[in-house]
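For the sequence shown, the numbering used here assigns the number 79 to the initial residue and increments by one for each residue that follows.
Encoded as structure tokens, the structure appears first; notes follow it.
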Amino acid sequence: SSGINAEYGVHLMHILVMFDLLTRVIRGATANRGQLLVIFPFAIFIIYIWSMLYFFLTREMFQPSDMEYCNSLWECFSTALRYSLRASNGGHNYKWTDKRTFSDMWLRIALDASFWICYTIIGLKVVTALILDGFTSQKKIRETSLEEMNSVCTICGLTKDDLAAKGIDWVMHKKKEHSMWSYIKLFYYLKTNHRSTKLSAIEMEILQKFDTRDISFLPRKTSLSWKNAVKIKEERKRKHRFQYDVKNKSKLGRYFRQKSSK
79 SSGINAEYGV HLMHILVMFD LLTRVIRGAT ANRGQLLVIF PFAIFIIYIW SMLYFFLTRE
139 MFQPSDMEYC NSLWECFSTA LRYSLRASNG GHNYKWTDKR TFSDMWLRIA LDASFWICYT
199 IIGLKVVTAL ILDGFTSQKK IRETSLEEMN SVCTICGLTK DDLAAKGIDW VMHKKKEHSM
259 WSYIKLFYYL KTNHRSTKLS AIEMEILQKF DTRDISFLPR KTSLSWKNAV KIKEERKRKH
319 RFQYDVKNKS KLGRYFRQKS SK
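What follows is the structure, encoded as structure tokens:
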């Protein structure tokens with residue numbers, strides 16, 4: 079029963095979904111997952127190269143009593159991999175034995191320093207840079223999304239400046255005319271009543287397009303107030319043109335009357 083009870087701990091991962099901050103952290107850390115996946119084979123390759131150096135140059139110095147095995151290339155690789163995953167101040171920090179000469183110390187310094195440069199500095203710093211770049215890109219995407227939410231209508235795609243040019247209030251358009259929550263209520267109503275006969279033919283067509291992610295049923299670059307504003311503008315243009323024509327005709331009539339009187 080203890081094993082079954084322990085399985086409930088997996089459900090604690092639901093915390094990632096509950097808190098938006100944790101979700102953004104995971105999304106930022108895995109934003110460059112393609113590049114990160116390329117780094118792991120590179121790290122294994124570096125460890126394998128140093129395993130061969132340990133096997134051919136220093137395998138007699140490894141201490142099996144401290145789980146430092148190097149009797150074969152596979153054992154050297156396993157030991158190097160184990161120590162590579164541990165925190166160190168540089169190199170692998172093996173408890174080497176049988177160090178007979180002064181040159182053995184310099185050999186260890188050369189191996190540890192070269193591994194520290196290639197694996198720790200280059201490899202891990204690249205991983206850190208990729209993760210930070212992922213956080214930066216996610217932050218930019220979030221800022222762009224928030225900016226678009228405050229300047230572009232989610233439903234029709236008209237911008238705040240476009241509406242202002244037509245004399246349409248942005249707050250009224252976003253909260254009343256094209257309210258996002260009104261559309262959510264509509265979709266909820268369609269999804270909960272799709273098995274009944276309450277839906278009309280138009281509602282069924284909207285539901286089918288919604289299920290196939292076809293947004294052609296949404297108004298694009300238009301709205302009722304937008305159409306009214308365009309209609310008013312066209313009427314003003316016609317009225318202005320008519321007044322202009324009448325004025326020109328009256329001037330032309332006066333000109334011919336003056337000519338005929340002479």
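The beta-carbon is built from N, C-alpha and C at its ideal position, and this holds for glycine as well.
- Annotated three-state conformation of Thr157 is helix, per DSSP.
- With at least 16 other beta carbons inside 10 angstroms of its own, Asn110 counts as buried.
- Proximity to His256 across Gly112, Asp144 and Arg298 peaks at Arg298, based on C-alpha coordinates.
- In chain order, Leu151 and Cys154 place their CB closer than 8 Å to the CB of Met130, counting only its own chain and leaving out the 5 sequence neighbours on each side.
- DSSP, reduced to helix, strand and coil, places Thr300 outside both helices and strands of the structure shown, so it counts as coil.
- The beta-carbon distance between Leu135 and Val205, rounded to whole angstroms, is 28 Å. This is too long to meet the 8 Å contact definition.
- Minimum Cα-Cα distance from Phe123 among the listed residues Asp98, Lys315 and Ser156 corresponds to Ser156.
- Pairing Glu283 with Phe265 gives a Cβ-Cβ distance that is not under 9 Å.
- Contact between the segment 244 to 258 and the segment 300 to 307 is present: three or more C-beta pairs spanning the two stretches fall below 8 Å.
- For Asp240, the enclosing alpha helix (DSSP H) has its first and last residue at Lys238 to Ala243.
- Rounded to the nearest angstrom, the gap between the Cα atoms of Glu281 and Leu268 is 7 Å.
- Classified as exposed, Gly112 has fewer than 16 neighbouring CB atoms from the shown chains inside 10 Å of its CB.
- Secondary-structure assignment with DSSP links Val95 through no beta bridge to anything.
- Residue environment analysis places Trp128 among the buried positions, since at least 16 neighbouring C-beta atoms fall within 10 angstroms of its C-beta.
- By the CB criterion at 9 Å, Gly212 and Ala121 fall outside the cutoff.
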